[in-house]
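Its first residue numbered 1, the sequence shown is counted upward by one per residue in my numbering. Glycine residues also receive a C-beta, built at the ideal position from the N, C-alpha and C atoms.
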Amino acid sequence: MDIENNENGVITVEALFNTLKKSFLWILLFATVLAGAMGVYTKLYEKTVYSTNLSYVVKNLPDTTGNAYLNTAYVSGASEVAENCLSYIQLRPSIQKIVRESGLAATLGLTEEQTIAKLAGSISLEHKNNSIFFFVKIKGSSPEEVKVMAEATRNVLTNQLNSLFKSNDGTAYVTVESLDSQFVVSSSRPSAAKRAALTFVVAAIVAYCIFFAFDMFDRLVYDEKQLKENFSYPVLGTIPDWYTDGEKRHKRNAIERLLHRPCVVITKDSERNFNHKMLCDTTPFSVSEAFKQLRTNVEYSKSNEETPVYAVTSAYSGVGKSLVLSNLAMSFANLGKKTLLVECDMRLPVFDRIFGTDKRGHGLSELLAGIEPEPSKVICNVAENYDVVTSGHVPPNPSELLGQKKMKELLDKWREEYDIVFLDMPPIGAVTDAGIVANLITGYLIVARSEYSDVPSITEMLHALEKVNGSVIGFVINDVCTKGSTKYYSKNYGKYQYAKTDK
1 MDIENNENGV ITVEALFNTL KKSFLWILLF ATVLAGAMGV YTKLYEKTVY
51 STNLSYVVKN LPDTTGNAYL NTAYVSGASE VAENCLSYIQ LRPSIQKIVR
101 ESGLAATLGL TEEQTIAKLA GSISLEHKNN SIFFFVKIKG SSPEEVKVMA
151 EATRNVLTNQ LNSLFKSNDG TAYVTVESLD SQFVVSSSRP SAAKRAALTF
201 VVAAIVAYCI FFAFDMFDRL VYDEKQLKEN FSYPVLGTIP DWYTDGEKRH
251 KRNAIERLLH RPCVVITKDS ERNFNHKMLC DTTPFSVSEA FKQLRTNVEY
301 SKSNEETPVY AVTSAYSGVG KSLVLSNLAM SFANLGKKTL LVECDMRLPV
351 FDRIFGTDKR GHGLSELLAG IEPEPSKVIC NVAENYDVVT SGHVPPNPSE
401 LLGQKKMKEL LDKWREEYDI VFLDMPPIGA VTDAGIVANL ITGYLIVARS
451 EYSDVPSITE MLHALEKVNG SVIGFVINDV CTKGSTKYYS KNYGKYQYAK
501 TDK
């Protein structure tokens, strides 16, 4: 058995594009909301910031002629002096001295500690390498506040810095001079539009990365693409979602779709609805064509044996296996082939509800247990060329019954009487019954459900069949949504549809 499990994690251009296509609206919504929130916040809460620059220059003392002496070595030394000045300004004692000597606390109406903290937070420093200039930037909430702090800083700071570069006898070897005779206060306010635009771009990129990460870990089956990418077996049929009056598709909510959680379907036998689910004149056109296509593909995949026997199973319950098989068998019967459908799922039988047979009557379990010796007495004719054998009463040992020699004898007998035989087996993920008949049948047909089955479970099921040398002829995907991105039947069969008649 050849199982191609494609889990190499290679990121392709197609995968990137598919994520964008599937999640575009979510990404757009996420980015728009964050961009709008940032724009509103900037507009309402971001205040105008006022600032001014204090420019300082480090100069050598003049020579005997009165001219300042400047050479390459001096510029390098002056740059170091500028760096030392910046380091000094950043110290708390320096800020504290500016506040105390200028009386800035009284001017601003704050306490000394508040003023020190405010001035320290308002000062930013700048100096370029190998430059004799350095700059002190003062920021504030109003032009007046900026001017007051700038004047206090300039007056006190100039004296403080010059006192640093004097020898013991009081001789200075450099001077630090302020170049500002007056203060030019500039104002700036963050642009709400620019911030919103930047936020939109960043949020869109982050959202896309999140969605792509979720897509990389998404192992659900949506259509035939996922099965073809992960397994070598062909997809023989794709059955669209089919709901009768009063039924609704079990849709996943937004969070479940985002997290790629499987669709929750009804698995309790008592809650399943089988009404009006057999092929008839009122069956939707796309559903009828899907089963015809499935029938054709099964016909082409059969071996040379005269009467093939196919076992239909799944990874777990809830995929709609029994309904798919019942209608596939009906499709063969409509073609004129004498068809037999045998219910081998003796733990959870449903044929009595699908076909309206007597659930208390004898069936396969009675034949295998020897309670009913005559096979013809358990066969129910449900349509022309279409016979059904129900499971009968639920036995305590279904696996042992299916493994008896009697099962092979029954299949040999039915091969002589019918053109094709189908066995409705239980899910392999739940019990091992389906693997017991591997050497008695032509092959297995695997049913998966869109947005419900997942690749790991199918892989595990195929490995279980591989251990018993089971032959798999292909997959059937059930309940594929015909809206949105999976418009398979709308695209392929829509132009052939005809108007509904009273019939």
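An exposed status is given to L164, since fewer than 16 other beta-carbon atoms sit within 10 Å of its beta-carbon. Annotated three-state conformation of R92 is helix, per DSSP. For the pair V287 and I239, the Cα-to-Cα distance works out to about 6 Å. Less than 8 Å separates the beta-carbon of K137 from that of S51. The alpha-carbon of S141 is positioned some 6 Å away from that of V49. Sixteen is the threshold: when 16 or more other Cβ atoms of the shown chains lie within 10 Å of the Cβ of A315, as they do, the residue is buried. For C380, the enclosing beta strand (DSSP E) has its first and last residue at I379 to A383. L54 sits in a strand when the DSSP states are folded into three classes. According to the DSSP secondary-structure assignment, I420 is paired through a beta bridge with T339.
Going by DSSP, Y444 is part of the beta strand (DSSP E) stretching over G443 to R449.
For Y310, the enclosing beta strand (DSSP E) has its first and last residue at V309 to T313. Within the same chain, Cβ atoms closer than 8 Å to the Cβ of D218 are found at H260, the five residues on either side in sequence being excluded. Two segments are said to touch when three or more pairs of C-beta atoms, one from each, lie closer than 8 Å; by this definition the region 391-400 touches the region 339-348.
Short of 6 Å from the beta carbon of E126, and not among the five residues preceding or following it, lie these beta carbons of its own chain, in chain order: F135. Going by C-alpha positions, D412 is about 13 Å away from L340.
Looking at A438, R154, N334 and S457, the one whose alpha-carbon comes closest to that of V468 is A438. When DSSP states are grouped into helix, strand and coil, V472 belongs to the strand group. With a beta-carbon spacing of about 5 Å, I441 and V309 fall inside the 8 Å limit used to define contacts. Pairing L368 with K408 gives a Cβ-Cβ distance that is not under 8 Å.
In chain order, L367, L410 and K413 place their CB closer than 7 Å to the CB of P375, counting only its own chain and leaving out the 5 sequence neighbours on each side. Excluding five sequence positions before and after C380, the CB atoms of its chain that fall closer than 6 Å to its own CB belong to T357 and V388, given in chain order. Per the Cβ contact rule, the region 218-232 is not in contact with the region 76-85 (fewer than 3 Cβ pairs under 8 Å).
Taking all protein chains in view, the Cβ of I477 is crowded by 16 or more other Cβ atoms within 10 Å, so the residue is classified as buried.
If you draw a straight line from the Cα of V342 to the Cα of A434, it comes to about 13 Å. Remark: C-beta atoms of G320 and V447 approach each other more closely than 8 Å. In this structure, Y386 keeps its C-beta atom at 8 Å or more from the C-beta atom of M425. In this chain, I138 is not harboured by any alpha helix (DSSP H); it is covered by the beta strand (DSSP E) spanning F133 to G140. Beta-bridge partners assigned by DSSP to N478: R449. By the Cβ neighbour-count rule, I436 is buried, with 16 or more other Cβ atoms within 10 Å of its own. Judged by DSSP secondary structure, G121 falls within the alpha helix (DSSP H) whose first and last residues are E112 to S122. Apart from the 5 residues on each side of it in sequence, S23 sits with its Cβ closer than 6 Å to the Cβ of F211 in its chain, given in chain order.
The three-state secondary structure of K97, taken from DSSP, is helix. For the pair S317 and A193, the Cα-to-Cα distance works out to about 54 Å.
Taking each of H362, R252, R295 and K377 in turn and checking the Cα distance to F422, the smallest one comes out for R295.
Going by DSSP, S181 is part of no alpha helix (DSSP H) at all; its letter is neither H nor E. Proximity of the region 116-126 to the region 88-104 meets the contact definition, three or more beta-carbon pairs being nearer than 8 Å.
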